[in-house]
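Position 117 of the sequence shown, counting from 1, maps to 117 under our numbering, and the rest follow consecutively.
Note that the Cβ used here is the ideal one computed from N, Cα and C, for glycine as well.
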Amino acid sequence: MAILNRYLTVGHRIGPVAAAILLAFTAGTARASSCEGLRDLKLKDTTIASAQPVAAGKFVPPGQQESPAFRNVPAFCRVTAEIKPSADSDIKIEVWMPLTGWNGRYQGQGNGGFAGSITYLGLAGGVSRGFASASTDTGHTGFPTDATWSLGHQEKIIDFGYRAIHEMTLKAKAIIHAFYGDLPRKSYFASCSNGGREALMEAQRFPEDYDGIVAGAPANDWTHLLVAGVWDLQAMHDSASYIPASRIPAISAAVLAACDAQDGVSDGIVNDP
1 MAILNRYLTV
11 GHRIGPVAAA
21 ILLAFTAGTA
31 RASSCEGLRD
41 LKLKDTTIAS
51 AQPVAAGKFV
61 PPGQQESPAF
71 RNVPAFCRVT
81 AEIKPSADSD
91 IKIEVWMPLT
101 GWNGRYQGQG
111 NGGFAGSITY
121 LGLAGGVSRG
131 FASASTDTGH
141 TGFPTDATWS
151 LGHQEKIIDF
161 GYRAIHEMTL
171 KAKAIIHAFY
181 GDLPRKSYFA
191 SCSNGGREAL
201 MEAQRFPEDY
211 DGIVAGAPAN
221 DWTHLLVAGV
231 WDLQAMHDSA
241 SYIPASRIPA
251 ISAAVLAACD
261 AQDGVSDGIV
271 NDP
């Protein structure tokens, strides 16, 4: 309880709703004696699927081959879980926590396109900088360009729309508390594209989830975005309108000639100061 009280002090202002949620989690959650001990953690609407330590540089994403992108990732505790806030929900999350050197902060990861998978590179980046970090598939499995999962599944649309990120955040903080014996001092969410839209939804619907939010290039104007995709297809369907790769260098040269000096220096880079 003392830990929770510290979190609710002036340095960590959260509203009464979030405080009640955190109290519900922490009051009945004892600290795990090890990473593997998190397997027995009980959280509302949640099943902990696995909890295991991963040695430094040894993580390989499921179904993939070893990648240089993960070779410098420090040792961490990897927790996978499934959340079912509704009968038709199937929200999968992963929470990664440094085994040593935790900076006391939490970073939530976003998704691109229609999501459908865990953002492993984002998790690796967060843990490498000392953050405890979490990612979600937003409630379905598939390619970022596939939205067929949504047909006839209103609850999955809600999960994708905003609920999955919020649930991920609440459960991740509870898992972090169970592992470290303390809540994050600060929590951040930073993402772009659909992740930027997720960031806006967090800021608008659940402002108490994060202390700082970066909504990069938010894909929130769905009507405009999807109509633009149809327009692009129609515009380039005719070979007479298609711009072949062989013409790209000429277009690039023309743009540089017209715009390069407008940022104050002719250096081969067009920049917006």
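Contact with chain C by residue i, beta-carbon distance below 7 Å
i	result
Ala258	Looking at the structure shown, chain C is missing, and only one protein chain is on hand.
Integer Cβ distance of residue i from residue j, believed to fall under 8 Å
i	j	result
Ser187	Arg105	7 Å
Asn194	Gly113	6 Å
Leu38	Ile157	The pair is not a contact, with the Cβ atoms about 31 Å apart (cut-off 8 Å).
Ile48	Ala81	5 Å
Pro144	Gly116	6 Å
Ile165	Thr136	7 Å
Pro61	Tyr120	5 Å
Gln52	Arg78	6 Å
Asp159	Ile91	6 Å
Backbone CA spacing between residue i and residue j [nearest angstrom]
i	j	result
Met201	Gly161	8 Å
Asn271	Phe179	45 Å
Ile248	Glu36	54 Å
Gln204	Arg185	22 Å
Asp260	Ser252	11 Å
Ala132	Gly126	7 Å
Asp88	His153	7 Å
Ala20	Leu170	Per-residue confidence for Ala20 stands at a pLDDT of 39, beneath the threshold of 50, marking its modelled position as unreliable; the derived number appears in the next sentence. One C-alpha to the other measures close to 12 Å.
Lys84	Gly264	54 Å
Thr26	Lys42	Below a pLDDT of 50, predicted positions are generally treated as unreliable, and Thr26, at 43, falls in that range; the measurement from the model is reported next regardless. In a straight line, the C-alpha of Thr26 is about 11 Å away from that of Lys42.
Ser86	Ala124	30 Å
Gly63	Ala215	30 Å
Asp146	Trp222	15 Å
Val255	Ala190	32 Å
Glu66	Ala257	43 Å
Residue i: first and last residue of the uninterrupted alpha helix (DSSP H) it sits in
i	result
Pro249	Ile248 to Cys259
Residue range of the beta strand (DSSP E) that includes residue i
i	result
Trp102	Premise fails: Trp102 is in no beta strand (DSSP E) and is neither H nor E.
Glu82	Phe76 to Ile83
Gln52	Thr46 to Val54
Given 8 Å as the limit, is there contact between the stretch 228-245 and the stretch 193-208, that is, 3 or more CB pairs closer than that?
Using a Cβ-Cβ distance cut-off of 8 Å, the stretch 228-245 and the stretch 193-208 are not in contact, since fewer than three pairs of beta carbons, one from each stretch, lie closer than that value.
Would you be able to state if there are at least three C-beta pairs under 8 Å between the stretch 94-104 and the stretch 64-72?
no
My parser needs the alpha helix (DSSP H) runs of 4 or more residues fully inside the stretch 129-178; what are they?
154-158
What residue ranges within the stretch 168-236 form continuous alpha helix (DSSP H) runs of no fewer than 4 residues, ordered along the chain?
194-205
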